[in-house]
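Asker: Protein chains in written order, with my numbering: chain A, 1 to 355; chain B, 356 to 710; chain C, 711 to 1065; chain D, 1066 to 1420. Have a look at this one before I ask anything.
Protein chains: 4
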Amino acid sequence: MIIMSSEATKEQIENVINEIKRLRLKADLSRGDFRSVIGVVGDERKIDFSHFEALPGVKETLRIETPYKLISREFSRLSEDPAKHGVIEVRDVKIGGGEPVFIAGPCAVENKGQLLKIAEGAKKAGAQILRGGIFKPRSSAYSFQGLGSGSQEEAQEALSWLREAGDKYEMPVITEARGESQIDLIAEYVDIIQIGARNMYDQDLLGKVGRTGKPVVFKRHFGAGIEEFLSFAEYIAVEGNRNIILCERGIIPIGKGKSFTRYTLDLASVPAIEKETYLPIIVDPSHATGRRDLIFSMSCAAVAAGASGLMIETHHNPAEALVDGPQSVTPDELKDIIDACRRIYKEIHRKPAGK
Amino acid sequence: MIIMSSEATKEQIENVINEIKRLRLKADLSRGDFRSVIGVVGDERKIDFSHFEALPGVKETLRIETPYKLISREFSRLSEDPAKHGVIEVRDVKIGGGEPVFIAGPCAVENKGQLLKIAEGAKKAGAQILRGGIFKPRSSAYSFQGLGSGSQEEAQEALSWLREAGDKYEMPVITEARGESQIDLIAEYVDIIQIGARNMYDQDLLGKVGRTGKPVVFKRHFGAGIEEFLSFAEYIAVEGNRNIILCERGIIPIGKGKSFTRYTLDLASVPAIEKETYLPIIVDPSHATGRRDLIFSMSCAAVAAGASGLMIETHHNPAEALVDGPQSVTPDELKDIIDACRRIYKEIHRKPAGK
Amino acid sequence: MIIMSSEATKEQIENVINEIKRLRLKADLSRGDFRSVIGVVGDERKIDFSHFEALPGVKETLRIETPYKLISREFSRLSEDPAKHGVIEVRDVKIGGGEPVFIAGPCAVENKGQLLKIAEGAKKAGAQILRGGIFKPRSSAYSFQGLGSGSQEEAQEALSWLREAGDKYEMPVITEARGESQIDLIAEYVDIIQIGARNMYDQDLLGKVGRTGKPVVFKRHFGAGIEEFLSFAEYIAVEGNRNIILCERGIIPIGKGKSFTRYTLDLASVPAIEKETYLPIIVDPSHATGRRDLIFSMSCAAVAAGASGLMIETHHNPAEALVDGPQSVTPDELKDIIDACRRIYKEIHRKPAGK
Amino acid sequence: MIIMSSEATKEQIENVINEIKRLRLKADLSRGDFRSVIGVVGDERKIDFSHFEALPGVKETLRIETPYKLISREFSRLSEDPAKHGVIEVRDVKIGGGEPVFIAGPCAVENKGQLLKIAEGAKKAGAQILRGGIFKPRSSAYSFQGLGSGSQEEAQEALSWLREAGDKYEMPVITEARGESQIDLIAEYVDIIQIGARNMYDQDLLGKVGRTGKPVVFKRHFGAGIEEFLSFAEYIAVEGNRNIILCERGIIPIGKGKSFTRYTLDLASVPAIEKETYLPIIVDPSHATGRRDLIFSMSCAAVAAGASGLMIETHHNPAEALVDGPQSVTPDELKDIIDACRRIYKEIHRKPAGK
């Protein structure tokens, strides 16, 4: 959709139409009393609208179709079998389309004993997937960057603990890949690769993780709108990998004064995204709030909003955690959370509610 | 807390301390290896920290106490009887401290028939309080501004319909006051006065509504942090009126590209605010999302997050509504929402969960 | 512009077109391969697009024209004489269309002596208009709210000092109206009425100040986009008052961590607004940055960006100022600022630069 | 600084103090009437405050020192020779500490002829450094990703054109590295490596680019506060590379309605950053505004705000540019911009202004 200036001349309008035709697209002109609007018909993905904005007489351009297609509910319905999408199976666990799935574990893997202890607690509490950070994104160059940031051997050792803990407690495992150079190594050990919020825009990393074919938990950047978030998920999908689990983890808080939560958990994104794409969306209340005392409430709220799962930082002794202690819950607290969430899920689906 | 520059001289430090003493406050100096920090002990409410920032050698100042006191849980515990706060009674309805309360009705009152029809539907659906907009805040000077924006007589007539509908269906009624000049008139007719998001910062309006002594629904501005929101609620409280019902209704969405919701509903503010103040907090999912198809999910989520109530725009024929049709639900949809919310509330409180 | 869902039926499309016709507007249908788009031709101001969004089969609606007309450059060119707009004369001072104008004075009027002293210093430094706050918008109910917040007599006295200082030093005077009830009183004493950022959305206040016919400095809210800002300026213009001086004063900072400035001064709004409306736009670097040590740089930048003027808080002794000392400059500093700004203005306009 | 809850017990306070001592730091307790505050004295870089937040009785923690040290003006003054920092020499061009430097060239390198033509025009206009994008970060997986995104040979060829154009017109050259795997190749060909806004948080990429020892243009992420921006610059500095040129390029616009600029150019960050760090800061008005018609004004404003340089997208035929045509200026326009900026710089430094 190309909006012409009210002062655009006939020649300028014709020039735009010729340019559209030159690009083998169809032009559809509407002349209003005040200004003209030209529709561009064709595969919008391949149109660089900014190109038209540089033409004389053009006021602005408006994109009507989304910049993502493969992951779009509306587009995939046209050409594909909808039944094939939306449920991601990882070992015995199904994510999407049914009961919420619980991912738990420490923010950072500290040592083998810590990890096994937490894995045991998480399993007992009802968690189905084990998380553990080995390559940690940190805001300060002086903070602990995770065991993976040392030598290659240390990284492998930490990854092997994660694998071992997962096997022992029969949980698929997930860890974050922070840089391209870590992907191959991580893919050897884990069932799901996480792309953190800070790397959401990293299209080279997304391409590489897409090509592994492994399921990916893909987190929304804290400065990204939903449209951007989905546009970057498409970078994984174009590699032939649609095992993408989206994750809402909070956006930048706005407003003056002290923030009461680390980020603003955008829970309405859960049902909004669910209507746009068949990909499942989970929620990380731990990073979103940064406050252990809010995890219970926000977990319940996320499931009530329709989340397909939760990722919750868990530590047997939050005060001793090397990273993010204040936002970790204990296994006992985790159990309360999972139980309440499952009851809420059941109540919401008890009858064909007005959803 | 006054942070001195690392290059502050002895004289500058002494000067700050003298200034603190001159204001009859106590100074508490900590000398670090790199810089000095001076604590100011006294009633922080009365300290204008920016005053100290203008003194030479001062790097910055940090406020430790909140700028609100009367509505603060922590402060009120010191000097008052906590049992006296947190439940607001309006006729037979109790808001805060128990089951969620449902406020429903049209965005804008259009005529008497419309209002009575919606009131009847809302009542049957389980709503307890009737809302109806008469003075509408609008973004465009050319949009319908509500029946109250015509003559004084028209405003009175619309208010009398609201009163009548409330009396007929035994529901307390609420409407928004958009300007100071409307307060006295509105107070004659309604049980609760609403201050909309756009007026949150209007301290003259807050003072005036506070002095009516009427219960107030006080909405967070879409650009306000929680600390600001509570600081402005204090403007009502200092008038001796603590019948304040806070309302979260979404903040400005951030991120490039199309917004999928009108605002970002900040649901974590619900439990966060609940820990800061004893005032009840309710949620308005209608304005927050602007999308009828998200109201069910976000209502469930709000109650799961701990909201003391919901305010939901309801219309028997959303496509015909003069204002905000796309975000209004029908009375049937409202019933599903209220039922699901009540079940969720029960499940969360079934046992002393880890909250 | 109404975008239909890709799954909209023929009937739904016809229904939308009939609805458009029913409202006596013209419909212009474009059928694409994937979806249909319906243009609505008519006076867009009077179309409530949300009304169409509630119709079945509609995906979304897009507004193409702006919600403001009277202040729009594009619209006013059609029907009015452009030469009549864009320069606002207040006594001998012309704002807009030429050399930048400098408004200076204390954040808050404290007493007559202080005001006269600052007025004298500001005049000598080259300022042309005197500002002085009497009704102060404050974030805390416990802060000094300005002399106008006491009795009616105190307000009148403070206003008379402002008038006297303006007359003595031959400068038009400006003060802020924070609430409707203050407008009539203020209008008696001052040449220009200021509407502060926090009141930008207050349409009743805007209507009332518009009806005084007095020139208005209208500040952008810190959470408002430019389109909203201009839409609310239209509320003043529809009252027949186009003596509106827009003022950019910073928007909410985003991003984690400590803010280095109180707000984010959006200087690109200056030339962007200059292309949208003929109304002059000035800049307030004092509130935007909150830092005296940045005022010089940001004043120069604002004039280089094309601002028609600057509003700068000035105090002969910033450390003693009751309000906003840390952001006030001294008269000597003000002189340096004004001199540098005037030189920059001259350099930019020395030849018909590529603007 | 650890703020205890008003209800913290003696034991809880002692426990925190013991924990501080256990970590070999010094504790400094201030008991107020209402609550206690404990200062932690030691190298704040090595303190993980979140660790203390998980201890019982702790209300919150406040960091007083910055998370960056090597690039901090205040810290480097203590231990280093300030004269050694702040000017970065690239071939004959000095960035920082004097006249603004102009970087120009196409957003994307399209072919050799295009690049040479633009290089010639940029040189004649007065530009000193040549930019050209080869690895393009794009929001859509379907947009042109730059010549570097094809085969290794194509990337090398495009890089060699850039080198050749730089050599021919005697300008150092700069291009963006979007992923770790591109760094080594790029470092062979260019004088300065650019890290784009989207990669600001990519600590692995920062580490790698830091280790090349090459000068780096480091762009602020559009969702990052200044403190975060500087904290991530420290990731480059800890590798022993202080040849860091910071670049402000706009942050996410806030506010409802249509954006008039692509991003919000935060020009006050220029003098604010200049007071925090000795690293030079330049401005990119092209990406910030996305509008060719605003580049002149915002370039002048950036230099007036104190920027050490500008990066301006230039194309001999903006309407034909493959990427970002609407924001590119022609070489003639560039000349006007550079001339005006140089005049403004001179005026600002003509006398020891009140800066």
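Glycine included, C-beta positions come from ideal geometry on N, C-alpha and C.
For a test of the three-state rule: what should DSSP assign to Gly354 (chain A), helix, strand or coil?
Answerer: Low local confidence applies: a pLDDT of 44 at Gly354 (chain A) is under 50, so the model's placement there is unreliable, with the coordinate-based value given in what follows. Coil, per DSSP.
Asker: Skipping 5 residues on each side, what residues in its chain have a beta carbon closer than 6 Å to that of Ser1351 (chain D)?
Answerer: Closer than 6 Å at the Cβ level, and outside the excluded window around Ser1351 (chain D), lie Ile1377, Glu1378 and Gln1392.
Asker: Report the rounded CA-to-CA distance for Leu1422 (chain D) versus Thr619 (chain B), giving the unit in angstroms.
Answerer: Residue coverage of chain D in this structure runs from 1066 to 1420, which leaves residue 1422 (chain D) outside it and unanswerable.
Asker: Cutting at 7 Å between CB atoms, please list the residues of its own chain near Gly856 (chain C), excluding the five before and the five after it.
Answerer: Ala818, Gly843, Ile844, Phe845 and Lys846
Asker: Go ahead and label Glu188 (chain A) buried or exposed: buried means 16 or more other beta carbons lie within 10 angstroms of its beta carbon, across all protein chains shown.
Answerer: exposed
Asker: How about Met1285 (chain D) and Glu1304 (chain D): do their beta carbons lie closer than 8 Å?
Answerer: Sequence inspection shows Arg at residue 1285 (chain D); the Met mentioned does not correspond to that position. Cβ distance not < 8 Å, so Arg1285 (chain D) and Glu1304 (chain D) don't count as in contact.
Asker: Give the DSSP-derived three-state secondary structure of Val678 (chain B) in the structure shown.
Answerer: coil
Asker: My understanding is that Ala1187 (chain D) touches Pro1396 (chain D), with C-beta atoms under 8 Å, so please give their C-beta distance in whole angstroms.
Answerer: 6 Å
Asker: Note down, in chain order, each residue of its chain lying with its Cβ closer than 6 Å to the Cβ of Gln367 (chain B), except the 5 sequence neighbours on either side.
Answerer: Pro411 and Gly412
Asker: Could you compute how far the alpha carbon of Met4 (chain A) sits from the alpha carbon of Thr61 (chain A)?
Answerer: 9 Å
Asker: Could you list the residues in the stretch 1261-1282 of chain D with a C-beta less than 8 Å from some C-beta on chain A, going in chain order?
Answerer: Arg1263, Asn1264, Tyr1266, Asp1267, Gln1268, Asp1269 and Leu1270
Asker: Using a threshold of 8 Å, state whether the C-beta atoms of Met171 (chain A) and Leu130 (chain A) are closer than that.
Answerer: yes
Asker: Given that a residue counts as buried once 16 or more other Cβ atoms are within 10 Å of its Cβ, and exposed if not, what is Asn373 (chain B)?
Answerer: Taking all protein chains shown into account, Asn373 (chain B) has fewer than 16 neighbouring C-beta atoms within 10 Å of its C-beta and is therefore exposed.
Asker: Closest to Glu154 (chain A) by CA distance: which of A:Gln182, A:Ile281, A:Tyr142 and A:Gly166 is it?
Answerer: The candidate whose alpha carbon is nearest that of Glu154 (chain A) is A:Gln182.
Asker: Does Glu1057 (chain C) come within less than 8 Å of chain D when only Cβ atoms are used?
Answerer: yes
Asker: I believe Ile805 (chain C) touches Ile955 (chain C) by the beta-carbon criterion, under 8 Å. Please report the beta-carbon distance rounded to the nearest angstrom.
Answerer: 6 Å
Asker: Return the residues of the stretch 767-785 of chain C that lie within a Cβ-Cβ distance of less than 7 Å from chain A, sorted by chain order.
Answerer: Leu772, Ile774 and Glu784
Asker: With DSSP run on the structure shown, which of helix, strand or coil describes Cys107 (chain A)?
Answerer: coil
Asker: Leaving out five residues before and five after Lys355 (chain A) in sequence, what residues of the same chain have Cβ atoms less than 7 Å from its Cβ?
Answerer: Residue placement at Lys355 (chain A) cannot be trusted, given a pLDDT of 42 that sits under 50; what the coordinates show is reported in the next sentence. Excluding sequence neighbours, Lys355 (chain A) sits near nothing in its chain.
Asker: Would you kindly work out how many angstroms separate the C-alpha atoms of Ile1047 (chain C) and Ile905 (chain C), rounded to a whole number?
Answerer: Their backbone Cα atoms lie some 25 Å apart in a straight line.
Asker: What is the DSSP secondary structure of Lys449 (chain B), counted as helix, strand or coil?
Answerer: strand
Asker: Under 7 Å Cβ-Cβ, which residues of chain C neighbour Ile1317 (chain D)?
Answerer: Ile964
Asker: Below 7 Å on C-beta distance, what does Gly742 (chain C) contact in chain A?
Answerer: Val41
Asker: Looking only at its own chain, which residues have a Cβ that is under 8 Å from the Cβ of Ala708 (chain B), when we skip the five neighbours before and after it?
Answerer: Bear in mind that a pLDDT of 44 at Ala708 (chain B), under 50, signals an unreliable position, so the number given afterwards is only what the model happens to contain. Taken in chain order, the list of residues that qualify is empty.
Asker: Using three-state DSSP, classify Val442 (chain B) as helix, strand or coil.
Answerer: Annotated three-state conformation of Val442 (chain B) is coil, per DSSP.
Asker: With a cut-off of 8 Å, do at least 3 Cβ pairs link the stretch 1080-1100 of chain D to the stretch 271-289 of chain A?
Answerer: no
Asker: Taking 8 Å as the cut-off, decide whether the C-beta atoms of Ile426 (chain B) and Gly664 (chain B) are in contact.
Answerer: No, the pair does not count as a contact, with Cβ atoms beyond the cut-off.
Asker: Where does Ser143 (chain A) sit, in a helix, a strand or coil, going by DSSP?
Answerer: coil
Asker: Counting only Cβ pairs nearer than 7 Å, list the residues of chain C close to Asp28 (chain A).
Answerer: Ser740
Asker: Give the residues from the stretch 219-246 of chain A that approach chain B closer than 7 Å (Cβ to any Cβ), ordered along the chain.
Answerer: Near chain B, meaning a CB-to-CB distance below 7 Å, the residues of the stretch 219-246 of chain A are Gly223, Ala224, Gly225, Ile226, Glu227 and Glu228.
Asker: Return the first residue and the last residue of the alpha helix (DSSP H) that Gly823 (chain C) is part of.
Answerer: Lys822 to Ala835
Asker: Check whether the Cβ of Ser652 (chain B) lies closer than 8 Å to any Cβ atom in chain D.
Answerer: no
Asker: Buried or exposed: which applies to Ala301 (chain A), given that a residue is buried once 16 or more other Cβ atoms fall within 10 Å of its Cβ?
Answerer: The residue in question, Ala301 (chain A), is buried, as its Cβ has 16 or more Cβ neighbours within 10 Å.
Asker: Does chain A have any CB closer than 8 Å to the CB of Ile711 (chain B)?
Answerer: Here chain B has residues from 356 to 710 only, and residue 711 (chain B) is not among them.
Asker: Have a look at D:Pro1165, D:Ile1085 and D:Arg1228 and flag the residue whose alpha-carbon is nearest the alpha-carbon of Ile1153 (chain D).
Answerer: D:Pro1165
Asker: Spell out whether any CB of chain C is found under 8 Å from the CB atom of Val323 (chain A).
Answerer: no
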